Amino acid sequence: MNEYDGSQVVGIDLHRQRSVIVRQTAEGEQLSAVRIVNDPV
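Just so we're aligned, residue 17 is where the sequence shown starts under the working numbering, counting upward by one.
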């Protein structure tokens, strides 16, 4: 499956020090996950 075919869902889990962004298909297959450090600069 091409990862750009069909509907996708993006979930964002926000926290003070770091956050996580997950991209998945409508069926629940995870396509990618990224952890982001929240820098207070």
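Even glycine gets a Cβ: it sits at the ideal position worked out from N, Cα and C.
Fair warning: this is a prediction, and the values are worked out from it, not measured in the lab.
Simplified DSSP assignment, three categories, for residue i
i	result
S23	coil
I30	The sequence given here has Leu at residue 30, not Ile. The answer is coil: DSSP assigns L30 none of H, G, I, E or B.
A42	coil
V50	strand
V57	coil
Nearest to residue i (by Cα), restricted to the options the options
i	options	result
S23	E45, R32, Q33, R34	E45
N54	E43, S48, V25, R32	R32
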